[in-house]
Amino acid sequence: MSGLTSIGPNISPSTRRKPSAASPGSKARRELILVWCFLFPSLAVFFLYRILPLIWNLVLSVQKFSIFGQSEWIGFAHYWALLDDEVFWMALKNTLLFIASAPCGIVIALMISLMVNTEIRGRNIYRTIVFLSYPLMTVAVGIIWRWMYDEKVGLFNFILRTIGLIDTPLAFLQSFELALPAVLLANLWQILGFYMIILLAGLQNIPQNLYEASAIDGASRTVQFFRITLPLLRPSLFLAFVVGIMTSFTSFDLVYVMTQGGPSHSTELLVTYIYKAAFELSRIDYAATLTVVQFVLLVTLTWLGNRLSGGEAGAGRN
Amino acid sequence: MSQNMQPPSVKSLLSNGAKKRTSSHALPTWLLHISLLLISFCLLLPFYWVLKTSFTGENIFIYPPSLIPQDPHPFFYIDTWYYIPFARYLFNSVVVSVLAIVANVVFNAMAAYALTKHFKGKSLVITLLLSCLMIPFQTTIVPAYLITGKIGLLNSYLGVALPTFSTIVCIFIYKASFDAIPTSLIEAARIDGLSELQVILKIMIPLSSSAVASNVILSFIWSWNNFLWPLIVIRDPLMQTLPLGLSRFLSYHENTTGALYAFCTMVLVPGIIIFLMAQKEFIRGLTSGATKG
Amino acid sequence: MQRFFIRFRELVSCLTITIAACSALLWSTSAVAQQKKISFLTWNISDQEELFKEWIAEFKKIRPDVDVEWLDKKGPEFPAYYQTQVIAGTPPDIINTQGGLWLEYAAAGGLVDLTPYLTKDAEVRKRFNSDYLGSWVYESKNYMLPFYISKTLMFYNKTMFKEAGLSGSPQNFEQLMDFSTKMAKGEKTGMLTLNFDWLYWSLFKMNGVELLTADNKKAAFNTPKAVQVLDALIKATNNGGINKVSWTGRWVEPNGAFAAGNVGMLQAHSPAFFFIRGQAPWINSNTLGVAQAPGGWATPNSHGLGISKGSKNPDIAWEFLKMVTSQKWTERLSERRKVLTANIASDKTTLDKMHKQDPLAATVLQTQLEQTDKLTGNWPLANDSRIKEAFYPEIQNAVLGRKTAAEALKDAETKVNRVLGF
C-alpha cells in the first residue's frame, strides 16, 4: 500500500509546511464539521427511508396488528411462532443458498471484467452485451425464462434433447430440486452487468505502472493477478460480496414473477415470504417480525464479511 | 518497447499507457475473443427472444421454438405509444431520473469524501451504511408512504425521487476510488492553496470518473426501472412514470404479448444509451489510473 | 474530461429549472378542495379508461358537487397499495376486488356492510343473478355488488381429440383422466388447469370431496376418496396427461400453452377465451369445444365492487355503485370487454347480441350463466388466503412427486386445521 505514495510525484518534506496560521485544534474541528455536513444529506435519506421503516417494523413485530382495527401488544409471540413455521425455515435456507451462490457469480463477473478491461477491439460492444440484461424489466425476463425452462416447449429442454444430453425432459420450475438453481441462473444472467460495473470501476483504480513495473521484474500474469489485481480490488470485491448478499432480496421481482416462491416454497425467499405475509396473507405484523429477523441475519453476514476483508468496507489503507 | 524502460511520466502514460497493458498481462487476443463471444452468445439468447417477440407478437409456447421471426413488423412499437400516454410517462420518468442522478452524484460523492477522512465514529457510520443496505424496499412500503405523506411530498416528482437520492453501493464505489488517490497528490493540492471543495472538484472527481460514471449508470437504472415505489406514491394518472404503464400490457382479456415486449424494449433503451455514453469514462479511467501512480 | 463536465453543468442547470417548473406546476394543481371527493380503485382493467371517464362524466350529472377519481392497480400490487392507503387513513371509497380477497377485508371489518343499502334500494338487489350476488356474502352480510363475473369451464381442442381418436367430451373424472392420458404425446399434453384462487377445485368437487365440514370449522378432505383422486392426478401428471404447468403456472403460461395448440383440454374461466383467441389463429367453432366441467361444478372468479369502511362518503359511494351496476352501464361494459356482469337484464341483451356477432364467444359466455347453483371453491372463510397457503403447497408436493397422496393430504389436514384454530 505504501508503494502507491512512493510512486507518486516526489514531494519533499520541506514543501509540506502549511501556509495557514490556524491552530491545529480548530482545523480538526472544522474538518469534523465538514465531515458531518457532507454525510448529512445521505444519512438523512437513509434515516427517513431505511432506519425509520426498520424501527416501524420492529415496533410492529411485537404487536398484533389489524389494519382495519385495533392493535395490541403481544410481546414476542410472533418470534416464537417463527420457530415453528416451516415456511420460514425453508425461506431461510433458500435465502442462505442464494447468498452462498453469489461468489460464483462474482468470479464469473470478475473474469468478464478483466477480459473487457483489456485493449481488445469491440470491448465496448462486449461490455454493452454483458450489461444489457440488467436494466431489462423483470416481467419480460421472468416470462422468457419461464418459457426457456418449460418442460414441454421450452428452449433448454429442446437444446438438451437435440444434442442428446438427456432423454426425458426436465421440468425445471416444477421440480423441487431444480427450481432454485433455475431461478439462481436467471438471476445470475441479470446481475452480471451490475457486478461488472462495480468491478470495472474498481479495476480503474489500479495504477497501470504497477503492472509494468512488475512485468519488468519478470512477474507472470498469474503473479500479477494475485499480487496486484486482487489485493487492490478488495474494496470492489467486498462491495460485490455485499451486493451478493443483497440479491437475496433484490431478486424479489424475478422470483415472484418466475415461481411466486413455489413449487411448494422451494424457491421461497425470506423477502417473498415477507411480502406474501404482509399483503397476501394479511399478516403485516408477522411480516415485520420476518423483516427484523432477516435484517439481523444479513447484517451479521455483512459484518462477518467486513471483518474478514480487513474492516472499513475492504479499504485497508490510507 | 524502450518506453517501458523509462520511469513513467504523466505525459507518456496519457498517450501510450493504455496500449501497453495488453502486452504486459493479457491473454492472447484470439482466446479473449472466443471466450467473450461465447459468453455474449449465452447472455444474448434470452434477450433475442424478447426482441423477436416484440417484432412478431408470436406465442412463445409454440413447439418447436423457431429461431427465425415470423412476419416481423414494427407495429407493436407504435402501439405502445397509443396504449398508454407514453410521451407523458416518458417525461415524468426523465424528470424523476434526472433529479435522482444529480442528487446521487452530489450526495454520494460528498458522503464518500467524508468517509475518506478519519474521525471518531467513522466505523460506526460505515457499519450503519452497510446495515441500511440490508433493508429491502418491500419491507418499507408502508412507513415510507407515511413518512412521505408527513413531509407533504405525496404524488410529486420529488416524492418519487427522494428515496433514491442516495445509494449506499455508490457511496462505496466512490470511496474505493477516492481511497485509491494517493494522499501526496491531495497534500500537494492543499499546499497549492485549494479549498476542500476545490480539492474534491478539481482533483478527486476527475480522477474518479469511472466512479462517477458508475454512479450515473446505476442511479439512472434504479430510478428509471423503479416500479413499486412510484406505484404506491403516485396518485394522479398523469404523474405516472414509465414502468407503471406496464399493467396496460398485462391484460387478461386481450393478447398484448407483442406490445408487452415492445414496451419492455423501449423502456430498456434509455438505460443502454446512458451506459454507452458513460462507458467512455471507464476508458478515461484506464489512463487516469496511470496518472494516479 | 471537459466535455463530461460541461454536460454535468448543463445537467445541473437543467435540473434546477426542472425542479422550479415542477414545483410551480405542483402548487398550481393542488387547488383547495371544496368539492366532495370519492375515489374508486379497480383491479387491472386499465384498458377501459374510456368507460371510466364516461362513468365519471355521467356521475357528475347526477351529483355535480362530487369529484370522482379513478385508480387502477394490477393484481400483485393491489393489496400493497390498498393496505398502505388504509393505514395512511385515505382508503379509496370503492374497491373492486378479484376472487377471494374481499373476504380478508370483510372479515377484518374493512368493508361496509351493503345489506342495509340493498334493503333500502330493493330494486338494486333484484337486478342481479342471486347466485352470483351471494358470492359476496359473509356471515349473512352482503359486502359487494357484482362488477363482472366469471367461473371456470372446460375448453377442448377438438383437433387433438380427433387425433387421439376420442369423440365427445369427458362426462366424469375418470374419463377426464383417461382422455388426458390418451392425448399425451411428445410435446402435447392432455389437460391443463389454472390453479390460482381455487380454480382447480372442481377436480375434487366432482368426486364429492369437500374441503371443510359444513360449519367450516374443520378440514374434511382427508378421505380415501380424496386420496384416490389425488393419486389419479399424480399419475396423470407423471405420464403427461396433465401438463405440469397446471400446478405452477399463473396466467400467461397455461393459456399460452393451450393457444399454441399443444394441450387437449383447459380448465379456465371465461376471460381465458379472449386471451387465447388473440394468440391462436386456429380457434373457430370447429376446432374449439366449450362445455361445463364434468358434473357442472365451477369455481367463480368474479370481480366485485364494495365500499371501504374508512370511506368518508359511503352514501355517495353507494349512489355511484347504483349507477355503474345499472343496465345501461353494465351493457356498455359487457360490450367493450366481452364479460358478463350478473345484471340479469343486461346479460340477456349482451348474449342475444353476441350470438349474432360472435357465436363462439357467446357460447363461452353462456356457460358463465348456466348451473350457477353449482359454484364451488368459494367458501366464506375469513382465513381464505391462509388456508390456501396451507393446502395448496401440499397438493403441489403430491402431484410433483415429493410426497404420496396420503402423506400430502394428511399434512395438509394438519396445517389447515391449525389455521382454523383447531
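Residue numbers (the numbering used here), protein chains in the order written: chain Y, -9 to 308; chain X, 798 to 1090; chain S, 946 to 1367. Just so it is clear, CB atoms sit at the ideal spot from N, CA and C, and this is done for glycine as well.
Open item on the list: I need the straight-line Cα distance from I1007(S) to K947(X), nearest angstrom please.
Closed with: To locate residue 1007(S), count along the third sequence from 1; it is residue 62. To locate residue 947(X), count along the second sequence from 1; it is residue 150. C-alpha separation (whole angstroms): 35 Å.
Open item on the list: So, at 6 Å on beta carbons, what are the nonlocal neighbours of Y1145(S) in its own chain, with the 5 sequence-adjacent residues on each side left out?
Closed with: Translated into positions along the third sequence, residue 1145(S) becomes position 200. T1138.
Task: According to DSSP, residues forming a beta bridge with Q1212(S) - done: Reading the third sequence from its first residue, position 267 is the one you call residue 1212(S). According to DSSP, Q1212(S) bridges with M1099(S), T1138(S).
TODO: Return yes when at least one heavy atom of the ligand SAH lies under 7 Å from the C-beta of L896(X), else no.
DONE: Ligands displayed in this structure: none; no statement on the ligand SAH is therefore possible.
- [ ] Would you kindly work out how many angstroms separate the C-alpha atoms of D1160(S) and G1249(S), rounded to a whole number?
- [x] Position 215 of the third sequence holds residue 1160(S). Position 304 of the third sequence holds residue 1249(S). In a straight line, the C-alpha of D1160(S) is about 25 Å away from that of G1249(S).
Open item on the list: I'd like to know if W846(X) contacts chain Y, where contact means its C-beta is closer than 8 Å to some C-beta of that chain.
Closed with: Numbered from 1 along the second sequence, position 49 holds the residue referred to as residue 846(X). It does; some Cβ of chain Y falls within 8 Å.
TODO: Please work out which residues of its chain come closer than 6 Å, Cβ to Cβ, to A1051(S), disregarding the five sequence neighbours upstream and downstream, and give them in chain order.
DONE: Counted from its first residue, the third sequence places residue 1051(S) at position 106. Closer than 6 Å at Cβ, skipping near neighbours: Y1083, Y1088.
TODO: Reducing DSSP to helix, strand and coil, say where F1079(X) ends up.
DONE: The count along the second sequence starts at 1 and reaches residue 1079(X) at position 282. It is helical.
- [ ] State the Cα-Cα distance for the pair Y1104(X) and S1191(S), rounded to the nearest angstrom.
- [x] Summary: the structure shown does not reach residue 1104(X), with chain X confined to residues 798 through 1090, and so no result is reported for it.
Open item on the list: Using a 10 Å radius around the Cβ and a threshold of 16 neighbouring Cβ atoms, would you call N1188(S) buried or exposed?
Closed with: For the purposes of this step, residue 1188(S) is identified with residue 243 of the third sequence, where counting begins at 1. Counting the other Cβ atoms within 10 Å of the Cβ of N1188(S) gives 16 or more, which makes it buried.
- [ ] Would you mind telling me which residues of chain X sit closer than 7 Å to V289(Y), beta carbon to beta carbon, in chain order?
- [x] Taking the first sequence and counting its residues from 1, one reaches residue 289(Y) at position 299. S928, M931, listed in chain order.
- [ ] Measure from the C-beta of E1108(S) to each C-beta in chain Y and report whether the shortest distance is under 8 Å.
- [x] Within the third sequence, numbered from 1, the residue matching residue 1108(S) stands at position 163. Residue contact with chain Y for E1108(S): absent (no Cβ-Cβ distance below 8 Å to any residue of chain Y).
TODO: Tell me, please, which residues DSSP counts as bridged to E62(Y).
DONE: Start at 1 with the first residue of the first sequence, and residue 62(Y) comes out as number 72. BP columns for E62(Y) point to K54(Y).
TODO: Could you have a look at F1072(X) and say whether DSSP puts it in helix, strand or coil?
DONE: Along the second sequence, read from residue 1 onward, the residue named residue 1072(X) stands at position 275. Residue state, collapsed to three classes: helix.
- [ ] Quick one: list the residues of chain S neighbouring N1052(X), beta-carbon separation under 7 Å, in chain order.
- [x] Taking the second sequence and counting its residues from 1, the one referred to as residue 1052(X) is at position 255. What N1052(X) touches in chain S: F1220, G1223, Q1224.
- [ ] Put A1243(S) into one of helix, strand or coil per three-state DSSP.
- [x] As a working note, residue 1243(S) is residue 298 in the third sequence. In this structure, A1243(S) counts as strand in the three-state DSSP scheme.
TODO: With W179(Y) as the anchor, note down where its alpha helix (DSSP H) starts and where it stops.
DONE: Position 189 of the first sequence, counting from 1, holds the residue named residue 179(Y). W179(Y) -> alpha helix (DSSP H) spans 169 to 193.
Open item on the list: Is the separation between the beta-carbon of L271(Y) and that of F239(Y) shorter than 8 Å?
Closed with: Taking the first residue of the first sequence as 1, we reach residue 271(Y) at position 281. Taking the first residue of the first sequence as 1, we reach residue 239(Y) at position 249. No, the Cβ-Cβ distance between L271(Y) and F239(Y) is not below 8 Å.
Task: Chain-ordered neighbours of Q1028(S) on chain Y, where CB pairs are closer than 9 Å - done: One-based indexing of the third sequence puts residue 1028(S) at position 83. Under a criterion of Cβ atoms nearer than 9 Å, the residues of chain Y adjacent to Q1028(S) are, in order, I57, A268, F269, S272, I274.
- [ ] Give the DSSP-derived three-state secondary structure of D1017(S) in the structure shown.
- [x] As a working mapping, residue 1017(S) is identified with position 72 in the third sequence. Reduced to three states, the DSSP call for D1017(S) is strand.
Task: Residues within the region 1015 to 1045 of chain X neighbouring chain Y, beta-carbon criterion of under 8 Å - done: If you check each beta-carbon in the region 1015 to 1045 of chain X against every beta-carbon of chain Y, the ones closer than 8 Å belong to L1015, I1018, W1021, N1022, F1024, P1040, L1043.
- [ ] Classify K987(S) as helix, strand or coil using the three-state DSSP reduction.
- [x] Here residue 987(S) refers to the residue found at position 42 when the third sequence is read from its first residue. It should be noted that the sequence gives Thr, not Lys, for residue 987(S). Correct three-state label for T987(S): strand.
Task: Beta-carbon separation (whole angstroms), T1182(S) vs V1344(S), contact threshold 8 Å - done: By 1-based counting over the third sequence, the position of residue 1182(S) is 237. By 1-based counting over the third sequence, the position of residue 1344(S) is 399. Rounded to the nearest angstrom, the Cβ distance from T1182(S) to V1344(S) is 5 Å, consistent with a contact under 8 Å.
Task: Cβ shell of A913(S) (< 6 Å), same chain only, five flanking positions each side left out - done: Past the edges of chain S, shown from 946 to 1367, lies residue 913(S), and the structure says nothing about it.
TODO: Please say whether S1247(S) and S929(S) have beta carbons closer to each other than 8 Å?
DONE: Here chain S covers residues 946 to 1367 and nothing more, so residue 929(S) does not appear.
- [ ] Give a yes or no on whether the C-beta atoms belonging to G192(Y) and L223(Y) are separated by under 8 Å.
- [x] Here residue 192(Y) refers to the residue found at position 202 of the first sequence. Here residue 223(Y) refers to the residue found at position 233 of the first sequence. Between G192(Y) and L223(Y), the CB-CB gap stays under 8 Å.
Open item on the list: I need the straight-line Cα distance from I1340(S) to L1233(S), nearest angstrom please.
Closed with: Taking the first residue of the third sequence as 1, we reach residue 1340(S) at position 395. Taking the first residue of the third sequence as 1, we reach residue 1233(S) at position 288. Roughly 30 Å between the two C-alpha positions.
TODO: Apply the 10 Å Cβ neighbour rule to Y39(Y) and answer buried if 16 or more other Cβ atoms are within range, or exposed otherwise.
DONE: Taking the first sequence and counting its residues from 1, the one referred to as residue 39(Y) is at position 49. With 16 or more other Cβ atoms from the protein chains shown falling within 10 Å of its own Cβ, Y39(Y) counts as buried.
- [ ] Only counting runs of 4 or more residues, tell me where the alpha helix (DSSP H) segments fall wholly within the region 1103 to 1180 of chain S, in order along the chain.
- [x] The alpha helix (DSSP H) runs lying completely inside the region 1103 to 1180 of chain S and spanning 4 residues or more are 1103 to 1108, 1118 to 1128, 1147 to 1150, given in chain order.
- [ ] Please state whether DSSP places E1358(S) in a helix, a strand or coil.
- [x] As a working mapping, residue 1358(S) is identified with position 413 in the third sequence. Per DSSP, reduced to three states, the secondary structure at E1358(S) is helical.
Open item on the list: For a test of the three-state rule: what should DSSP assign to L950(X), helix, strand or coil?
Closed with: The residue given as residue 950(X) occupies position 153 in the second sequence. Here L950(X) carries a coil assignment [DSSP, helix/strand/coil].
TODO: Over the uninterrupted alpha helix (DSSP H) stretch that includes F962(X), give me the two end residues.
DONE: On the second sequence, residue 962(X) is found 165 positions in, with the first residue counted as 1. No alpha helix (DSSP H) contains F962(X), which DSSP labels as neither H nor E.
Open item on the list: Tell me the rounded alpha-carbon separation between A1290(S) and M1063(X).
Closed with: If you number the third sequence from 1, residue 1290(S) lands on position 345. If you number the second sequence from 1, residue 1063(X) lands on position 266. Each residue's CA atom was taken as its position, placing A1290(S) and M1063(X) some 44 Å apart.
Task: Best match in M1136(S), W1274(S), L1310(S) for proximity to L1285(S) [C-alpha to C-alpha] - done: Translated into positions along the third sequence, residue 1285(S) becomes position 340. Closest option to L1285(S), Cα to Cα, is L1310(S).
- [ ] Could you tell me whether any Cβ in chain S is nearer than 8 Å to the Cβ of G192(Y)?
- [x] For the purposes of this step, residue 192(Y) is identified with residue 202 of the first sequence, where counting begins at 1. False, the Cβ-Cβ gap to chain S never drops below 8 Å.
- [ ] Would you please verify whether the beta carbon of E993(X) is less than 8 Å from any beta carbon of chain Y?
- [x] Here residue 993(X) refers to the residue found at position 196 of the second sequence. Yes, contact with chain Y.
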